[in-house]
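Peer 1: Dumping the structure here so I can ask a few things about it.
Residue numbers (UniProt numbering): 1 to 258.
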């Protein structure tokens, strides 16, 4: 397949910008779609708002494949996965886009945490649409626990998920898999990827503390019970047949914390 045009929605985000870079590496035309419309890694940006629907048709003009890597900064406002997906799918169907690749979360369909439930809802919307849709599910990114560690740093504590296990993965490896699915479809409805090791939350905190020389007491964090349950039950870990990444949490830390 040569010369495809691929639109990455959420193209300025943590995952989206990486996917834009990986699609470029494959030699295809890519447009980064976001509310700001900013260019990403030299790829042109397009401005669109999934919640209002503004700009969607223009952003999808002459697009062969759409990648939905949208996310929300506020886990309590998950309309981007419901109303946003509804608007994007309708626009894509209207203009004749053929395929969609959706970035999602391993085990989201088993979680009672509202954010995960809305992600599972987003998956269902794509898979029941007229688009030829595939879902790439990833475990938590290596930077997921670090977000909580950094936020609590001024308080002198490092919060961990008591009794929880993680199989954190390099976001660049996830982006590569999403880009691969966009340019060379596997034909699978679901593809999963996770990190090379399963670790308890406290191990990750210690590794981060060592890499950053951060002072602080490792404590059990006040996380939502439904989220804690999801992690404690291991629903967030890679199942049989998933792709295992090669970059460990420590490797990633040494690369990004320099």
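Even for Gly, the Cβ is constructed at its ideal location relative to N, Cα and C. The model shown is predicted, which means the values in this text are computed figures rather than measured ones.
Can the beta-carbon of residue 138 be found less than 8 Å from the beta-carbon of residue 80?
Peer 2: Cβ distance not < 8 Å, so residue 138 and residue 80 don't count as in contact.
Peer 1: Taking the straight line between their C-alpha atoms, what separation do you get for residue 201 and residue 159?
Peer 2: For residue 201 and residue 159, the distance between alpha carbons rounds to 9 Å.
Peer 1: I think residue 82 touches residue 118, with their Cβ atoms under 8 Å apart; what is that distance to the nearest whole Å?
Peer 2: With 8 Å as the limit, residue 82 and residue 118 qualify as a contact, their Cβ atoms being about 6 Å apart.
Peer 1: Quick check: residue 86 and residue 125, are their CB atoms within less than 8 Å of each other?
Peer 2: Closer than 8 Å, so yes.
Peer 1: Can you tell me whether residue 52 is helix, strand or coil according to DSSP?
Peer 2: Residue 52: coil per DSSP, three-state reduction.
Peer 1: Output needed for residue 244: all residues of its chain with C-beta closer than 8 Å, excluding positions within five of it in sequence on either side, in chain order.
Peer 2: 193, 194, 195, 196 and 238.
Peer 1: Go ahead and pull the three-state DSSP assignment for residue 88.
Peer 2: Reduced to three states, the DSSP call for residue 88 is helix.
Peer 1: What does DSSP give as the partner residue(s) for residue 260 in the beta ladder?
Peer 2: Absent from the structure is residue 260, since the part of the chain shown begins at 1 and ends at 258.
Peer 1: Quick one: give me the first and last residue of the beta strand (DSSP E) that residue 190 is part of.
Peer 2: Per DSSP, residue 190 belongs to the beta strand (DSSP E) from 190–194.
Peer 1: Compute the beta-carbon to beta-carbon distance between residue 32 and residue 48, rounded to the nearest angstrom, for a pair I have assumed lies under 8 Å.
Peer 2: So it is not a contact: roughly 11 Å between Cβ atoms.
Peer 1: Which class does residue 235 belong to by DSSP, given the choice of helix, strand or coil?
Peer 2: Coil, per DSSP.
Peer 1: Could you name the residues that DSSP lists as bridge partners for residue 14?
Peer 2: DSSP lists no partner for residue 14.
Peer 1: In whole angstroms, what separates the C-alpha of residue 93 from that of residue 113?
Peer 2: Distance between the alpha carbons of residue 93 and residue 113: 30 Å.
Peer 1: When the Cα atoms are used, what is the spatial distance from residue 10 to residue 236?
Peer 2: Distance between the alpha carbons of residue 10 and residue 236: 23 Å.
Peer 1: If residue 91 and residue 56 are in contact, beta carbons under 8 Å, what's the gap, nearest whole angstrom?
Peer 2: Right, their Cβ atoms sit about 4 Å apart.
Peer 1: On the criterion of 16 or more Cβ atoms from any shown chain inside 10 Å, does residue 99 qualify as buried, or is it exposed?
Peer 2: That one is buried.
Peer 1: For the beta strand (DSSP E) containing residue 5, list its first residue and its last residue.
Peer 2: It spans 5–9 - the beta strand (DSSP E) in which residue 5 sits, taken as one unbroken run.
Peer 1: For residue 172, which residues from the same chain have a beta carbon less than 6 Å from its beta carbon, with the 5 sequence-adjacent residues on both sides left out?
Peer 2: So the list reads 18, once near-sequence residues are dropped.
Peer 1: Grab the span of the alpha helix (DSSP H) containing residue 201 for me, first residue to last.
Peer 2: First-last of the alpha helix (DSSP H) with residue 201: 201–212.
Peer 1: When DSSP labels each residue in this structure, what does residue 122 get in the three-state scheme?
Peer 2: Here residue 122 sits in helix by DSSP.
Peer 1: Assuming the contact rule is C-beta atoms closer than 8 Å, residue 24 and residue 46 should be a hit. Round their C-beta distance to whole Å, please.
Peer 2: About 15 Å separates the two Cβ atoms, so there is no contact after all.
Peer 1: Comparing C-alpha positions only, which one of 143, 146, 230 and 101 sits nearest to residue 127?
Peer 2: Checked all of 143, 146, 230 and 101; the closest Cα to residue 127 is 101.
Peer 1: According to the neighbour-count rule (16 or more other Cβ atoms, all chains shown, within 10 Å of its Cβ), is residue 96 buried or exposed?
Peer 2: It is exposed - the Cβ of residue 96 has fewer than 16 other Cβ atoms within 10 Å.
Peer 1: Consult DSSP for residue 159 and reduce its assignment to one of helix, strand or coil.
Peer 2: In the structure shown, residue 159 sits in a strand (DSSP, three-state: E or B).
Peer 1: Suppose the cutoff is 6 Å on Cβ atoms and the five residues either side in sequence are ignored; what does the same chain contact list for residue 5 look like?
Peer 2: Here the set comprises 29, 62, 63 and 64.
Peer 1: To which residues does DSSP link residue 132 through a beta bridge?
Peer 2: Partner(s): 99.
Peer 1: Report all residues from its chain with a CB closer than 8 Å to the CB of residue 260; omit the five preceding and five following residues, and keep chain order.
Peer 2: Not covered by the structure: residue 260. The range shown for the chain is 1 to 258.
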